[in-house]
Structure formats: structure tokens, C-alpha cells
Amino acid sequence: MQNLIKIFFFLFFSFLIIFQLSNNSTSEYFEYPTEYTDISSSYGYRDIFDSTSFHNGIDFLAPQNSKVFACASGIVVNLGFSNSFGNYIVIKHSNNYYSLYGHLSETFIMNIGDYVNAKEHIANVGPKYLSNGILNGLTTGPHLHFTIYNEDGNTINPKDLLENK
Ligand SMILES: [Zn+2]
12 MQNLIKIFFF
22 LFFSFLIIFQ
32 LSNNSTSEYF
42 EYPTEYTDIS
52 SSYGYRDIFD
62 STSFHNGIDF
72 LAPQNSKVFA
82 CASGIVVNLG
92 FSNSFGNYIV
102 IKHSNNYYSL
112 YGHLSETFIM
122 NIGDYVNAKE
132 HIANVGPKYL
142 SNGILNGLTT
152 GPHLHFTIYN
162 EDGNTINPKD
172 LLENK
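When we follow the working numbering, the leftmost residue of the sequence shown carries the number 12, and every step to the right adds one.
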């Protein structure tokens with residue numbers, strides 16, 4: 012009988028610990044990556060530059076030089092330039108989600124490997140054209156592009172994870 016009680020308590024506390032760990036996941040919500048929460052282009056199919064394409068994130072109407080914040084704590088795993096995102100930065104979060112911030116200014120204030128807290132200032136919104144005259148990604152003007160990849164590497168609608176959605 013005593014053994015049964017021991018087993019019961021072992022299982023009970025194991026369950027509690029597992030529940031606690033899974034509850035720590037940051038996938039439940041993310042913070043807005045900018046104080047400018049108006050969305051100029053949402054997630055999904057859209058017409059851009061005379062063709063229909065899939066927009067894998069959301070665009071915030073954030074002015075040039077405005078601050079970009081980490082949507083959750085994590086580690087900077089990538090930054091650079093791409094033809095679609097312009098200057099961008101990628102943060103990996105504890106639940107294996109990734110967030111990407113695009114059309115940023117040329118001067119990065121973070122380095123690969125940096126740990127960032129939720130709401131930490133990680134970048135600034137960039138201009139339409141970079142100093143070398145190249146378009147700062149697929150953009151018609153300064154704004155913040157924000158993509159979230161889930162643990163399978165698929166993009167999801169960030170709106171579903173943002174606080175106060
Ligand atoms: Zn975009």
C-alpha cells in the first residue's frame with residue numbers, strides 16, 4: 012500500500028513538472044515588435060508589383076528610424092541582406108520558433124549570438140533605398156516586415172500570437 016502511495020505521488024509530481032515546463036513555452040503570445048501597430052499588409056496572398064504572391068508575414072506602418080523590438084526573448088541567429096527582406100535580423104526563441112524582422116537600417120545594433128529579452132531594442136526601421144542605391148528589399152517605403160516561423164520551419168500568421176490581438 013505504501014508503495015502505491017509513493018508511485019501515486021511520483022506520478023503526480025512528474026505531471027506537475029511537465030505541466031510547468033510546457034507552460035513556460037513562449038508560443039502562447041508574442042509582443043508587438045514596434046510601437047506602430049497599424050498593419051499595412053497582412054499575412055497571406057496579395058497583389059504586389061503586378062503579380063500575386065504569398066506574403067509570409069505582416070507589415071507594420073513604422074516610420075524610418077523607429078525602434079524594432081524583440082517579440083520574445085531569444086538568441087540572434089542570423090542577420091544580413093536579402094532581396095526580399097532587405098536588411099533583416101532573425102531571432103531564435105526557446106520553443107524553436109523564429110522571428111524575422113525586415114527592411115531594417117544598414118547599421119545593425121546586434122551581433123549573431125547575442126541574447127535578447129522580450130521587448131528589447133534590436134534594430135531600427137530602415138529607408139526605402141540603402142546607401143548603395145539598392146532597394147531595401149521588396150518595399151514601397153519604410154515599414155517593418157515581421158515573419159514568424161514555427162518549430163517545423165513553416166510561417167504562421169503572427170497576428171495569432173501577438174498580445175492584445
Ligand atoms: Zn512584408
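Note that beta-carbon positions come from the ideal geometry of N, C-alpha and C, so glycine has one too. Nothing here was measured: the structure is a model prediction, and the numbers come from that model.
Nearest to residue i by CA position, among the options, is which residue?
i: Tyr108; options: Asp171, Asn161 and Asn94; result: Asn161
i: Ser62; options: Ile102, Leu149, Gly68 and Tyr99; result: Leu149
i: Thr45; options: Val79, Asp58 and Gly68; result: Val79
i: Phe96; options: Tyr43, Leu146 and Tyr54; result: Leu146
i: Asn143; options: Asn98, Phe65 and Asn67; result: Asn98
i: His132; options: Ser84, Asn168 and Asn94; result: Ser84
i: Lys139; options: Lys103, Asn122, Asn94 and Ala129; result: Asn94
i: Val136; options: Asp163, Leu111, Asn67 and His66; result: Leu111
i: Asn106; options: Leu22, Lys130 and Ile159; result: Ile159
i: His104; options: Gln13, Asn14 and Gly164; result: Gly164
i: Lys130; options: Phe41, Thr166 and Ile167; result: Phe41
i: Ile167; options: Asn14, Leu22, Asn67 and Arg57; result: Asn67
i: Cys82; options: Val127, Gln13, Ser64 and Asn89; result: Val127
i: Asn89; options: Ser64, Met121 and Asp58; result: Met121
Rounded C-beta distance between residue i and residue j? I'm assuming under 8 Å.
i: Val87; j: Gly124; result: 7 Å
i: Phe157; j: Phe71; result: 7 Å
i: Leu173; j: Tyr43; result: 6 Å
i: Lys170; j: Ile16; result: At roughly 48 Å, the Cβ-Cβ gap does not stay under 8 Å, so Lys170 and Ile16 are not in contact.
Task: Contact shell at 5 Å, judged by CB to any heavy atom of ligand 1, ordered along the chain - done: Asp70 and His156
Open item on the list: Using a Cβ distance threshold of 8 Å, determine whether the region 50-60 contacts the region 109-128, with at least three qualifying pairs required.
Closed with: no
Open item on the list: Taking 8 Å as the cut-off, does the region 72-92 touch the region 143-154 (at least 3 CB pairs, one atom from each stretch)?
Closed with: yes
Task: Any beta strand (DSSP E) of 3 or more consecutive residues that is wholly inside the region 73-156 - done: 78-80, 85-93, 97-103, 109-113 and 132-135
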